[in-house]
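Participant: I'd like to ask you about the structure that follows.
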Amino acid sequence: MNILTFDIEEWFHILDNDSTKTEADWAKYPTRIHENMERIFQLLEDTNQQATFFCLGWVARKHPDIIRSIADKGYEIATHSDLHQLAYEQNRTEFKNDLETSIKALEDVIGKKIRAYRAPGFSIKQENKWVFEVLAENGIEVDCSVFPAKRSHGGFEQFGIAEPCWIDIDGIRLKEFPINTFNGFGTPLIFSGGGYFRLLPYTVLQQLTRQSEYVMTYFHPRDFDANQPMIEELSRLRKFKSYYGLGGCLGKLQELLTDFPFIDLASAEKLVDWNNAKTVKI
């Protein structure tokens with residue numbers, strides 16, 4: 001089961017960086033999302049693949065035409081929060097307000113219920129697992145926020161499962177599609193999206209995909225934009241993580257989508273035998 005997803009945000013929505021944290025900061029930067037979305041749409045048309053788009057509520061308000069285009073083309077839309085803030089930096093009220101605002105913004109544009117969510121930066125950890133309660137309270141049925149390995153912006157290492165499963169938190173249950181991992185040298189490795197995908201050569205990505213029964217990808221419009229400006233305030237390491245491999249990412253993804261079949265989240269949900277799926281109590 002290979003699932004294709006995109007997190008729809010602007011190139012300057014970089015987490016854990018003071019100069020790109022707020023809406024006021026974002027106003028300083030030029031928009032690039034339209035041309036980057038056209039690349040994604042053309043890629044999906046050329047490879048005849050389906051995908052799920054996790055969209056910011058901010059994008060729905062700022063660029064409703066983008067959200068309408070995604071919906072009009074028949075792709076599934078989910079929420080990626082409203083203002084792209086790290087979930088573990090928010091209290092329960094702040095998270096709830098952000099989630100509700102994002103859902104309303106997206107539903108106002110597409111006229112359909114939003115059922116799925118992914119946290120910015122996969123920022124759900126053991127310490128803020130209450131997020132799953134808030135998701136359920138607001139009608140979210142499927143989550144894709146768990147990153148079951150070490151990560152600078154989160155990482156739910158205690159989760160222990162890298163396959164579709166149930167999350168149970170005090171009797172509240174959600175369907176979870178975590179990021180997949182590959183066991184290498186006794187350590188769970190990630191390869192299916194973001195900087196990991198940009199760093200690895202295609203032959204490695206091809207081999208790891210072939211050996212994996214479950215792949216959950218995650219890409220951003222900025223991943224395919226080699227000409228985007230550089231955020232100068234980032235550290236050397238962050239610049240490497242954010243900008244390495246931008247020029248070759250689209251070509252690698254096109255090869256992957258040509259070599260392997262992919263489906264969207266809604267289709268994957270139907271394929272899972274939820275009666276026999278594992279349950280993770282947190």
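Residue numbering for the sequence shown follows UniProt numbering, beginning at 1 and increasing consecutively. Ideal placement from N, C-alpha and C gives every residue a C-beta, glycine not left out. On a predicted model such as this, the values are computed, not experimentally measured, just so you know.
1) Less than 7 angstroms between C-beta atoms, sequence neighbours within five positions excluded: which residues of the same chain meet that for Q49?
2) Tell me where the beta strand (DSSP E) around residue 286 begins and ends.
3) Can you tell me which of the three DSSP states W274 falls into?
4) Are any of the Cβ atoms in chain B nearer than 8 angstroms to that of S267?
5) Can you tell me which of the three DSSP states C144 falls into?
6) With DSSP as the reference, label A149 as helix, strand or coil.
7) From what residue to what residue does the alpha helix (DSSP H) around L237 run?
8) Using only alpha-carbon positions, find the residue among A162, Y196, L199 that is nearest to residue 342.
9) Counting along the chain, where does the alpha helix (DSSP H) carrying E176 start and finish?
10) Assuming the contact rule is C-beta atoms closer than 8 angstroms, L86 and G121 should be a hit. Round their C-beta distance to whole Å, please.
11) Taking the Cβ atom as the reference point for each residue, do W11 and R39 lie within a distance shorter than 8 angstroms?
12) Would you mind stating whether L246 and A226 have Cβ atoms separated by less than 8 angstroms?
13) What is the rounded straight-line gap between the Cα of P229 and the Cα of F147?
Facilitator: Looking at the coordinates:
1) By 1-based counting over the sequence shown, the position of residue 49 is 49. Closer than 7 angstroms at Cβ, skipping near neighbours: L4, L257, F262.
2) For residue 286 there is no data in the structure shown, the boundaries of the chain being 1 and 282.
3) The count along the sequence shown starts at 1 and reaches residue 274 at position 274. Note: W274 maps to coil in three-state DSSP.
4) Of the chains in the structure shown, none is chain B; there is only one protein chain.
5) Counted from its first residue, the sequence shown places residue 144 at position 144. C144 falls in the coil class under three-state DSSP.
6) On the sequence shown, position 149 is the one that residue 149 refers to. Here A149 carries a coil assignment [DSSP, helix/strand/coil].
7) Taking the first residue of the sequence shown as 1, we reach residue 237 at position 237. Boundaries of the alpha helix (DSSP H) around L237: 236-243.
8) Residue 342 cannot be examined here, being either before or after the span of the chain that is shown, 1 to 282.
9) Within the sequence shown, the letter at position 176 stands for residue 176. From DSSP, E176 is part of no alpha helix (DSSP H) but of the beta strand (DSSP E) over 172-176.
10) As a first step, residue 86 must be located in the sequence shown, where it is residue number 86. As a first step, residue 121 must be located in the sequence shown, where it is residue number 121. Sure, about 6 angstroms apart at Cβ, within 8 angstroms.
11) On the sequence shown, position 11 is the one that residue 11 refers to. On the sequence shown, position 39 is the one that residue 39 refers to. No. Outside cutoff.
12) Taking the sequence shown and counting its residues from 1, the one referred to as residue 246 is at position 246. Taking the sequence shown and counting its residues from 1, the one referred to as residue 226 is at position 226. Here L246 is near A226, since their CB atoms are less than 8 angstroms apart.
13) For the purposes of this step, residue 229 is taken as the residue at position 229 of the sequence shown. For the purposes of this step, residue 147 is taken as the residue at position 147 of the sequence shown. P229 and F147: Cα-Cα distance of roughly 28 angstroms.
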